[in-house]
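These notes concern the structure reproduced below.
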Amino acid sequence: MPEYVQPDAVLVARSVAPDEALLAEYIAEMSRTSRFSNYGPLHEALRDVLQRSLLADRVCLFSSATAALVTALRALDVSGEVITTPFTFAATPHAITWAGAQPVFADIDRAALTLDPARVEAAITPRTTAIVAVHIYGMACDVAALEDIAARHRLHLVFDAAHAFGTCINGTPVHRWGDASVYSTHASKLFHTGEGGVLVCRDDVIAQRAERLQNFGLDTDGVPAEAGVNSKMSEIQAALGLSVLPNVAAERAARRLLAQAYLQSLSSIAGLKAFVLPAHVEHSLQYFAVRVSGAATRDGPTRRDATLNLLASHNIHARRYFYPLCSEFPHYRTLPSAQRGNLPNALSAAEEMLCLPFHGGVSVAAQSAIAKLLGLLDKLT
Ligand code: T4K
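In structure tokens form, the structure reads like this:
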């Protein structure tokens, strides 16, 4: 039985509930007007509100972040090789592949868990056309260094900001860097539309092309100008987003308190390190990740996996985001850049990182159970 239908299970994420009365109104309006898709009024309302709240010049709404990433890369005409991190969800390298380019994996910074700019620069070849960096867990990449590399080598820079809705650097939203950024609004994300993605572009021409590509390649006169797909956000997705929005601030506040409680109760546990962001970065509060160090025992699980299993035996379901590394997937592991010796920091992150349950529904009792179980760490292996 999936975790999320089990009563009393403490899950890694829990969708923010929509304002039900508002959602019912939107559904009634959809029925009355018979408008369910193709840039309807709810799509436009959500686009407007996001444009304003994200301080974004140009926002395109998609059926998923994966579709938005593929489309952004196609709109930028990437080809050849695209440098990316292996420590991410499958969607990142898959989007590069679907856009017709080859992912080239570069190692991450051990502490920040985001692409190491020096390793990115070392991976550039004459075939490189772009960098796709990931604001992992909602923490910010070294955006200035990546922009500098992209500018010097005339590469496109795209940020997979799937986890970073709300992440700011010195008060500026992360999508202000790079050519394009993509947020995910999947049900597991703090702000969600069930399924969905939000593309923010710096350049109007690229945004217009992305919007054309997501709508069969049709121009404004309805004639196809190029081969596109259908990855538009529907009215029901937009309705859900508009009804979830009023509850996002309260969820953020609950997660802020939960993060403080975790930091306090976990700080003294040997072999466990929670992430404290630099003061200039405001976190999206998407995930709460800890590093459980410790080598694997000869025959048993790693300390991280032993922790995961111990929590699960108490119906508390943390997640190994992201294990295995993308570079270990069967279709990528023969790439020269996927060699394990090339990616030591990413390999250790995949073996040591654990995302704890992180949402407003984690009760005080669950918090103390988690702290108590993690306190048993040194007895685990
Ligand atoms: N880039 C990065 C770095 C990403 O992490 C992702 C997606 C993407 C790109 C692509 O974004 P999208 O194309 O999906 O917009 C989940 C999500 O499906 C995926 O969106 C997410 N990242 C990835 C990290 O996690 P699973 O397989 O872990 O999902 P699942 O069903 O186990 O759900 C996780 C938890 O969320 C559950 O314990 C309970 C909660 N949940 C889930 C669903 C589906 C709910 O509360 N309600 C729900 O309806 O993949």
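Read left to right, the sequence shown gives residues 26 to 406 (our numbering). The beta-carbon is built from N, C-alpha and C at its ideal position, and this holds for glycine as well. Note that the structure is predicted; figures quoted are calculated from it, not measured.
{"query": "With a cut-off of 8 Å, do at least 3 Cβ pairs link the region 75–90 to the region 271–288?", "result": "no"}
{"query": "Consult DSSP for T408 and reduce its assignment to one of helix, strand or coil.", "result": "This structure gives no information on residue 408, because the portion of the chain shown stretches from 26 to 406."}
{"query": "Leaving out five residues before and five after G391 in sequence, what residues of the same chain have Cβ atoms less than 8 Å from its Cβ?", "result": "It is Ala, not Gly, that sits at residue 391 in the sequence shown. So the qualifying residues of the chain are V35, I341 and P382."}
{"query": "Is any heavy atom of the ligand T4K found at a distance shorter than 8 Å from the C-beta of F114?", "result": "yes"}
{"query": "Among the candidates E260, G191, I194 and V183, whose CA atom is the shortest distance from the CA of G221?", "result": "E260"}
{"query": "Exposed or buried, L405, counting other C-beta atoms within 10 Å across all chains shown (16 or more means buried)?", "result": "buried"}
{"query": "Taking all protein chains shown into account, decide if F347 is buried (16 or more other Cβ within 10 angstroms of its Cβ) or exposed.", "result": "buried"}
{"query": "Check each candidate in V84, H119 and P128 and name the one with the smallest Cα separation from G105.", "result": "P128"}
{"query": "Do you know whose CA, among G400, P111 and K214, lies nearest Q290's CA?", "result": "In the sequence as presented, Gln is not what sits at residue 290; that position holds Ser. Looking at the Cα atoms, G400 is the closest of the given residues."}
{"query": "With DSSP as the reference, please indicate the residues paired to R358 in a beta bridge.", "result": "Looking at the DSSP assignment, R358 forms no beta bridge with any residue, so it has no partner."}
{"query": "Quick check: the Cα distance between K397 and L48, rounded to an integer number of angstroms?", "result": "40 Å"}
{"query": "Do I156 and L140 have their C-beta atoms within less than 9 Å of each other?", "result": "yes"}
{"query": "Please name the residue or residues paired with D185 in a DSSP beta bridge.", "result": "V159 and V207"}
{"query": "Counting pairs of Cβ atoms below 8 Å between the region 224–237 and the region 204–213, do you hit three or more?", "result": "yes"}
{"query": "In the DSSP assignment, find the unbroken alpha helix (DSSP H) run with A100 in it and report its ends.", "result": "A90 to A100"}
{"query": "Relative to the ligand T4K, is the shortest distance from any of its heavy atoms to the C-beta of H308 smaller than 8 Å?", "result": "no"}
{"query": "Within a Cβ cutoff of 6 Å, which residues of the same chain sit near G191, ignoring the five residues on either side of it in sequence?", "result": "S309"}
{"query": "Here's the rule: buried if 16 or more other CB atoms are within 10 angstroms of the residue's CB, otherwise exposed. What is S292?", "result": "exposed"}
{"query": "Is the region 172–187 touching the region 107–120, taking contact as three or more C-beta pairs under 8 Å?", "result": "yes"}
{"query": "Given this structure, state the Cα-to-Cα distance separating A158 from A70, to the nearest angstrom.", "result": "30 Å"}
{"query": "Are S352 and S362 touching if we call contact CB-CB under 9 Å?", "result": "yes"}
{"query": "Could you check if T91 belongs to the surroundings of the ligand T4K, using beta carbon to heavy atom distance under 8 Å?", "result": "yes"}
{"query": "Could you pull the start and end residues of the alpha helix (DSSP H) that T332 belongs to?", "result": "R328 to S338"}
{"query": "Checking contacts by CB at 9 Å: is A155 closer than that to chain D?", "result": "Of the protein chains in this structure there is only one, and it is not chain D."}
{"query": "Measuring only the C-alpha atoms, how far is L270 from V199?", "result": "20 Å"}
{"query": "Report whether the distance from the Cβ of V207 to the nearest heavy atom of the ligand T4K is below 8 Å.", "result": "yes"}
{"query": "Going straight from the alpha carbon of G242 to that of A252, what length do you get?", "result": "5 Å"}
{"query": "Rank D403, L402 and V387 by C-alpha distance to the C-alpha of A38 and give the top, closest one.", "result": "V387"}
{"query": "Please classify P111 as buried or exposed, where buried requires at least 16 other C-beta atoms within 10 Å of its C-beta.", "result": "buried"}
{"query": "My output table needs one value for H68: the three-state DSSP class, helix, strand or coil.", "result": "helix"}
{"query": "Taking only three categories from DSSP, how would you classify A214?", "result": "Reading off the sequence shown, one finds Lys at residue 214, where the question assumed Ala. Three-state result, K214: coil."}
{"query": "Let me know the secondary structure DSSP gives Q76 once reduced to three states.", "result": "helix"}
{"query": "With DSSP as the reference, please indicate the residues paired to V306 in a beta bridge.", "result": "I194"}
{"query": "Tell me the rounded alpha-carbon separation between L67 and Q233.", "result": "20 Å"}
{"query": "Beta-carbon within less than 6 Å of V168's beta-carbon, same chain only, minus the 5 sequence neighbours each way: which residues are those?", "result": "W202"}
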